[in-house]
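Top line first, the protein sequences correspond to chains B and L.
So the first sequence is numbered by our numbering: it starts at 3 and just counts up by one.
So the second sequence is numbered by our numbering: it starts at 4 and just counts up by one.
Every residue, glycine too, gets a C-beta built ideally from N, C-alpha and C.
Working notes, beginning with the structure itself.
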Amino acid sequence: MIYLSSVLGKTEDLNMEPITDRRQSLSMCSASSENISKPINILRDLRMRVIQAILPAPTRGIPVLDLVQFKTQHHDLLHRFRRHIESSLINITRTPDEALRTKEAQMYEEELREQREEILALMRRRRWPQIAFGAVAVAMPLVGGIVTGNPASALLGLPPLAYAIYTAFSGDREKQNTILSSPLAYAALAQKRYLTASTANSS
Amino acid sequence: MADRVLYFPYIRVPENRRFTRVLLYWDQVGSIVPSEYVNDPGGLGRYMAALVKEGQVKPVTPRTYIHRVPNFAESFLKMIDDNPVIKGRRGIALQKQETFTLHIEKFSPLVYELRDMGLARETDSPGGKWKVSRLTYT
Numbered sequence: 003m004i005y006l007s008s009v010l011g012k013t014e015d016l017n018m019e020p021i022t023d024r025r026q027s028l029s030m031c032s033a034s035s036e037n038i039s040k041p042i043n044i045l046r047d048l049r050m051r052v053i054q055a056i057l058p059a060p061t062r063g064i065p066v067l068d069l070v071q072f073k074t075q076h077h078d079l080l081h082r083f084r085r086h087i088e089s090s091l092i093n094i095t096r097t098p099d100e101a102l103r104t105k106e107a108q109m110y111e112e113e114l115r116e117q118r119e120e121i122l123a124l125m126r127r128r129r130w131p132q133i134a135f136g137a138v139a140v141a142m143p144l145v146g147g148i149v150t151g152n153p154a155s156a157l158l159g160l161p162p163l164a165y166a167i168y169t170a171f172s173g174d175r176e177k178q179n180t181i182l183s184s185p186l187a188y189a190a191l192a193q194k195r196y197l198t199a200s201t202a203n204s205s
Numbered sequence: 004m005a006d007r008v009l010y011f012p013y014i015r016v017p018e019n020r021r022f023t024r025v026l027l028y029w030d031q032v033g034s035i036v037p038s039e040y041v042n043d044p045g046g047l048g049r050y051m052a053a054l055v056k057e058g059q060v061k062p063v064t065p066r067t068y069i070h071r072v073p074n075f076a077e078s079f080l081k082m083i084d085d086n087p088v089i090k091g092r093r094g095i096a097l098q099k100q101e102t103f104t105l106h107i108e109k110f111s112p113l114v115y116e117l118r119d120m121g122l123a124r125e126t127d128s129p130g131g132k133w134k135v136s137r138l139t140y141t
């Protein structure tokens, strides 16, 4: 089945990477030690570990419409998050020694968790709006203006809610930028949206 | 870098926490489904049908893409033929039930070649289900 998935996934129209949740689905030949040690398979394993460690998954699940809304609103943050993870994991994959690679991956996971928690702490400290699920996305166009040092231009035509969010952060641009420009912003927003702090560690 | 992944081996994607995280990470997840489900997504179950409806899961029907792969069958059959372990299980795998049940569309037209090699057989159940040697499920 991995043959079919790999071949179909490589077709131009699809461009999808194969993924499975069942090791048994890998036959004896594809699960040989030679294949397991291929960089692409190491990357897949590491990626799955990181995804499971960093992204939240409430036991009650996420309603499909809610998931779509979240991903749509934070589309740019998701892409930045994924690029960051993929690039770092590719670097780790280059470490030939397995024990060292495992250690590196563990350290990277810890680092990601810490960064996510730092952003969450900043959000709490800056009273990131509870309605941030929608509001943050509305506020996102502000970032360009803030980064370029011309926030006034970015404020033109904003709805009152977005303006309120902007002003809530005004005078603290550095922290605001830290939150919104961090590659971990997507993971932190997901954590905030889908898991409470008390359940975060049990995920 | 791909923004999407293609889930296997089942038609329905799992409804669990692990897969929720996968959905959160990737733009879209493909799933290999027989074409009959494209017009009847309800047959995929409520969860998957909702994911398909909202574009989070893309049903991928093999027959739409396989013909675009020039040596799809030849490469697979050569890989099977070159593997001494699989060679040694011809006929035996079916007898000993070392098999996986799958829909014919997922492996068509290869199932007939595998049948001739003693690595697959059609089941009695309706709907194009075949038993295929687990070892060939690569």
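Where does the unbroken beta strand (DSSP E) through residue i begin, and where does it stop?
| i | result |
| --- | --- |
| L/S136 | 132–136 |
| L/Q31 | 31–35 |
| L/V8 | 7–10 |
| B/I21 | 18–21 |
| L/V63 | 60–63 |
In terms of alpha-carbon separation, which member of the options lies closest to residue i?
| i | options | result |
| --- | --- | --- |
| L/L80 | L/I107, L/P65, L/E116 | L/E116 |
| L/R93 | L/R24, L/K61, L/S136, L/M51 | L/S136 |
| L/P37 | L/A96, L/T64, L/D43 | L/T64 |
| L/H70 | L/A5, L/R21, L/P112 | L/P112 |
| L/R21 | B/L57, B/S7, B/N17 | B/L57 |
| B/V52 | B/L186, B/L16, B/R195 | B/L186 |
| B/Y110 | B/L91, B/E119, B/R127 | B/L91 |
| L/H106 | L/M82, L/L26, L/Y40 | L/Y40 |
| L/G46 | L/E108, L/I14, L/V32 | L/I14 |
| L/M51 | B/I64, B/K105, B/M18 | B/I64 |
| L/A5 | B/A59, B/P20, B/Y5 | B/P20 |
How far does the alpha helix (DSSP H) with residue i in it reach, from first residue to last?
| i | result |
| --- | --- |
| L/R124 | No alpha helix (DSSP H) contains L/R124, which is instead part of the beta strand (DSSP E) from 123–125. |
| L/M82 | 75–85 |
| B/E111 | 100–127 |
| B/P65 | From DSSP, B/P65 is part of no alpha helix (DSSP H); its letter is neither H nor E. |
| L/Q98 | 95–98 |
| L/P116 | In the sequence as presented, Pro is not what sits at residue 116 of chain L; that position holds Glu. Its alpha helix (DSSP H) spans residues 113–119. |
| L/R24 | 20–28 |
State yes or no: is the beta carbon of residue i nearer than 8 Å to at least one beta carbon in chain L?
| i | result |
| --- | --- |
| B/Q54 | yes |
| B/L7 | Per the sequence shown, residue 7 of chain B should be read as Ser rather than Leu. For B/S7, the answer is yes, since a Cβ of chain L falls inside 8 Å of its Cβ. |
| B/T61 | yes |
| B/A192 | yes |
| B/D47 | no |
| B/P20 | yes |
| B/D15 | yes |
| B/I44 | no |
| B/D23 | yes |
| B/E88 | yes |
| B/M3 | yes |
| B/G136 | For B/G136, the predicted structure reports a pLDDT of 41, less than 50, and the residue's modelled location is therefore unreliable. A value from the coordinates is still provided. Output row for B/G136: interface = no. |
| B/L197 | no |
For residue i, is the classification buried or exposed, using 16 other Cβ atoms within 10 angstroms of its Cβ as the cut-off for buried?
| i | result |
| --- | --- |
| B/V1 | Outside the displayed span of chain B (3 to 205) sits residue 1 of chain B, for which this structure offers no information. |
| L/P62 | buried |
| B/A189 | buried |
| L/G130 | exposed |
| B/R126 | exposed |
Taking CB distances under 8 Å as the criterion, tell me whether residue i reaches chain B.
| i | result |
| --- | --- |
| L/G33 | yes |
| L/F22 | yes |
| L/Y10 | yes |
| L/Y28 | yes |
| L/L54 | yes |
| L/A76 | no |
| L/Y115 | no |
| L/Y40 | no |
So, helix, strand or coil for residue i, using DSSP?
| i | result |
| --- | --- |
| B/I53 | helix |
| B/H76 | coil |
| B/M3 | coil |
| L/Y50 | helix |
| B/R195 | helix |
| L/L105 | strand |
| B/V9 | helix |
| B/A59 | coil |
| L/P44 | helix |
| B/A137 | Any reading at B/A137 is ruled out, since the residue's pLDDT is 40, under 50, leaving its predicted position unreliable. |
| L/R15 | coil |
| B/G151 | In this prediction, B/G151 scores a pLDDT of 44, lower than 50, which makes its location untrustworthy; the coordinate-derived value is nonetheless stated afterwards. Reduced to three states, the DSSP call for B/G151 is coil. |
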